[in-house]
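The sequence shown lines up with residues 936 to 1393 when you count with the working numbering.
We put the CB at the ideal spot given by N, CA and C, even for glycine.
Since the structure is predicted, the reported quantities are computational estimates derived from the model, not experimental observations.
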Amino acid sequence: MTKKVFVRSYGCQMNVYDAARMSDILAAEGYGEAAGADEADLVVLNTCHIREKAAEKVYSELGRLRRLKDERAAAGHETRIVVAGCVAQAEGREILRRAPGVDAVVGPQSYHRLPELLRAVERGDKPVDTDLPELAKFDHLPEPSAASLRARGVSAFLTVQEGCDKFCSFCVVPYTRGAEISRPVDAIVAEAERLAAAGIREITAIGQNVNAYHGSGPDGRPWSLARLLERLAAIPGIARLRYTTSHPNDMGDDLVAAHRHLPALMPYLHLPVQSGSDRILAAMNRRHRADDYRRLVDRIRAARPGIALSSDFIVGFPGETEADFGETLRLAAAVGFAAAFSFKYSARPGTPAADKADQVPEAVRTERLARLQEQLEADRRRFNAATVGRTVEILVEKPGRHPGQLAGKSPYLQAVQFDGQAEIGAVVPVRITGCGPNSLFAEPTGGVRPAPALDAAA
Ligand code: SAH
Ligand code: SF4
Ligand code: F3S
């Protein structure tokens, strides 16, 4: 009987990518995929440390898993539990103390060693591997099978850059992911070609600071993200490109220009601003002012009129006054975001902001978050409503909710449902006819671009 693994991922796109690569590693070790933890011989929790709630969720899940492990043991089945990801990196051995059901702990830069760690578990050890070797994992990952790639759908994340040297005063990422580092162009192109050969039509280049990308090119010189995107756009079968997450200070002229001249680059940009107050931005160590951000938005919109912008916000950073918060509301209103993520500040152990004396009371943070979210939600709906009547191209991802319907994404990353026939992976021009709270409705206008025939050998 083959063993089964269940990988559960929390947090950002980097973790989604890592979870897929861990599945590849374990598939090469003979593990099939389990539908749920209750039928798994191995459970991997790929964790996130970004906010306290995210980290605490891991421990409640580990509590449940321990009970499951005992139940399965009573029925004669062994269950191994591995904690991976950013909580693993941040807390290491502490996890074994707090959650005795855990068999191994492995950080986000060393999971290529999972097979060795599992062998150590078989010998009765409880290994902890939180090394931060630069890029080593990428050299040790097995090639995923075409079938496993295909199961991932028509859109895939591809890690091009990892880690962060920016040290925003609230953020754990520089500690959990390590120093900023870019993968070489050739390795990324080879991976993208494999994705394309397996039928993937859209690639999202990901990194904690993706627009700081400066990997070495085939010419031995560092390439910018704009140059890398141009190269990826030339791969047959790749219809769409996106990238995330960007820092405003790394938005180079050539990347802004790519939004003008690279048709495959979708008109959607996630550009976190965190706050609209210069005082708070300085305390956050973001190294730009609110006006710099506004001017950058103007440049981006000049390059690609109508581009959808999204952002991240933190409310209730230590020392944030009502006036500071008002500046955030003002900046958000001035930009008019198509989508946004907003969070209450969460003090993270080891970060400079956590030690500040002037923490904002929870009730104030809650109330500000509600006000900001109300405004952001109204902007999101306004953006969606404004697309009604327009003709856009949809990348078909899956069957829709009702028979005869298809579901996919607009260039602006909106979920769209429409009646029509096309294969998964086709690009279909549609006219947007209506707008619900979470998706748009559309009708095809004719002129489908079919998905390319797959290479039979892939
Ligand atoms: N590299 C990205 C963001 C990574 S974390 C950037 O520079 O913007 C994703 C988001 O989580 C951040 O943009 C921020 O809004 C939020 N976040 C990070 N640390 C946080 C904290 N301590 N409390 C609340 N939100 C936080
Ligand atoms: Fe965190 Fe700042 Fe780095 Fe983004 S840029 S990952 S918020 S330290
Ligand atoms: Fe979370 Fe780590 Fe991503 S802390 S947001 S999983 S980089």
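#1: For serine 995, count neighbouring C-beta atoms within 10 Å of its own C-beta (all shown protein chains included) and say buried if the count is 16 or more, exposed if not.
#2: Just checking my contact of aspartate 1038 with arginine 1054 at CB under 8 Å: how many whole Å lie between their CB atoms?
#3: Quick check on the DSSP output: what are the complete beta strand (DSSP E) runs of length 3 or more inside the segment 1332-1367, in order along the chain?
#4: Could you tell me which uninterrupted alpha helix (DSSP H) segments, each at least 4 residues in length, are contained entirely in the segment 936-981, listed from first to last along the chain?
#5: Could you work out which residue in Gly1134, Pro1372, Pro1109, Thr1139 is closest to asparagine 1123 when comparing CA atoms only?
#6: Can you look up valine 1208 in the DSSP assignment and give me helix, strand or coil?
#7: For the putative contact between alanine 1127 and leucine 1167, defined by C-beta atoms under 8 Å, what is the C-beta separation to the nearest angstrom?
#8: Quick one: using the 10 Å Cβ neighbour count with 16 as the cut-off for buried, is serine 1181 buried or exposed?
#9: Does DSSP put tyrosine 1203 in a helix, in a strand, or in coil?
#10: State the DSSP-derived secondary structure class of glycine 1155, mapped to helix, strand or coil.
#11: DSSP beta-bridge partners for isoleucine 1141?
#12: Just to confirm my understanding: we take threonine 1094, look at its own chain, exclude 5 residues before and 5 after, and list those with CB closer than 6 Å. What are they?
#13: Tell me where the beta strand (DSSP E) around arginine 1015 begins and ends.
#14: Give the range of the alpha helix (DSSP H) segment to which aspartate 1188 is assigned.
#15: Among Ala954, Arg1234, Arg1222, Val1299, which has the Cα closest to the Cα of phenylalanine 1278?
#16: Contact between the segment 1284-1298 and the segment 1323-1336 is defined here as three or more beta-carbon pairs at a separation below 8 Å; is this criterion met?
#17: Quick check on the contact list: which residues have their beta carbon closer than 6 Å to a heavy atom of the ligand SF4?
#18: To the nearest angstrom, report how far apart alanine 1274 and leucine 1244 are at their CA atoms.
#19: What residues are listed by DSSP as bridge partners for valine 1063?
#20: Does the Cβ of threonine 1094 lie closer than 7 Å to at least one heavy atom of the ligand SAH?
#21: Counting only runs that start and end within the segment 1273-1305, where is the alpha helix (DSSP H) found for 4 or more residues in a row?
#22: Tell me the DSSP secondary structure of phenylalanine 1260 in three-state form.
#23: Just the Cα atoms here: how many angstroms apart are threonine 982 and serine 944?
#24: Given that a residue counts as buried once 16 or more other Cβ atoms are within 10 Å of its Cβ, and exposed if not, what is lysine 988?
#25: Let's test the definition: count the other Cβ atoms within 10 Å of the Cβ of histidine 1196 and tell me whether it reaches 16, buried, or not, exposed.
#26: If you drop the 5 nearest sequence neighbours on each side, which residues of the same chain put their C-beta closer than 7 Å to that of arginine 986?
#27: Taking C-beta to C-beta, are proline 1338 and alanine 1361 nearer than 8 Å?
Taking the coordinates as given:
#1: The residue given as residue 995 occupies position 60 in the sequence shown. Serine 995 is exposed by the Cβ-count criterion.
#2: Counting from one through the sequence shown, the residue named residue 1038 turns up at place 103. Counting from one through the sequence shown, the residue named residue 1054 turns up at place 119. About 12 Å; that fails the 8 Å criterion.
#3: 1340-1344, 1350-1354
#4: 948-963
#5: Your numbering for residue 1123 matches position 188 in the sequence shown. The question names asparagine, but residue 1123 is isoleucine in the sequence shown. Ranking the options by Cα distance to isoleucine 1123, first place goes to Thr1139.
#6: The count along the sequence shown starts at 1 and reaches residue 1208 at position 273. Valine 1208: coil per DSSP, three-state reduction.
#7: The residue you call residue 1127 lines up with position 192 of the sequence shown. The residue you call residue 1167 lines up with position 232 of the sequence shown. Correct: roughly 5 Å between the Cβ atoms.
#8: Numbered from 1 along the sequence shown, position 246 holds the residue referred to as residue 1181. Flag for serine 1181 reads buried.
#9: Numbered from 1 along the sequence shown, position 268 holds the residue referred to as residue 1203. Correct three-state label for tyrosine 1203: strand.
#10: For this step, residue 1155 is matched to residue 220 along the sequence shown. Coil at glycine 1155, not helix or strand.
#11: Within the sequence shown, residue 1141 is the residue found at index 206, counting from 1. Its beta-bridge partners are Thr1094, Thr1179.
#12: What you label residue 1094 is simply residue 159 of the sequence shown in a count that begins at 1. Same-chain partners within the cutoff: Tyr952, Ile1141.
#13: On the sequence shown, residue 1015 is found 80 positions in, with the first residue counted as 1. Where arginine 1015 is concerned, the enclosing beta strand (DSSP E) stretches over 1015-1019.
#14: The residue labelled residue 1188 in the question sits at position 253 within the sequence shown. Looking at the DSSP string, the run of the alpha helix (DSSP H) that includes aspartate 1188 is 1188-1196.
#15: Here residue 1278 refers to the residue found at position 343 when the sequence shown is read from its first residue. Among Ala954, Arg1234, Arg1222, Val1299, the Cα nearest to that of phenylalanine 1278 is on Val1299.
#16: no
#17: Cys1099, Lys1101, Phe1102, Cys1103, Cys1106, Val1108, Pro1109, Gln1143, Asn1144, His1182
#18: Mapped onto the sequence shown, residue 1274 falls at position 339. Mapped onto the sequence shown, residue 1244 falls at position 309. Computed Cα separation, rounded: 7 Å.
#19: Here residue 1063 corresponds to residue number 128 of the sequence shown, with the count starting at 1. DSSP output for valine 1063 lists Val1040 as bridge partner(s).
#20: Position 159 of the sequence shown, counting from 1, holds the residue named residue 1094. Not so, every heavy atom of the ligand SAH lies at least 7 Å from the Cβ.
#21: none
#22: Position 325 of the sequence shown holds residue 1260. Phenylalanine 1260 falls in the helix class under three-state DSSP.
#23: The sequence position of residue 982 within the sequence shown is 47, counting from 1. The sequence position of residue 944 within the sequence shown is 9, counting from 1. The straight-line gap from Cα to Cα measures roughly 6 Å.
#24: Within the sequence shown, the letter at position 53 stands for residue 988. So lysine 988 ends up on the exposed side.
#25: The sequence position of residue 1196 within the sequence shown is 261, counting from 1. With fewer than 16 Cβ atoms within 10 Å of its Cβ, histidine 1196 is classed as exposed.
#26: Here residue 986 refers to the residue found at position 51 when the sequence shown is read from its first residue. Around arginine 986: Phe1278, Ser1281.
#27: Position 403 of the sequence shown, counted from the first residue, corresponds to residue 1338. Position 426 of the sequence shown, counted from the first residue, corresponds to residue 1361. Not in contact: proline 1338 and alanine 1361 (Cβ atoms no closer than 8 Å).
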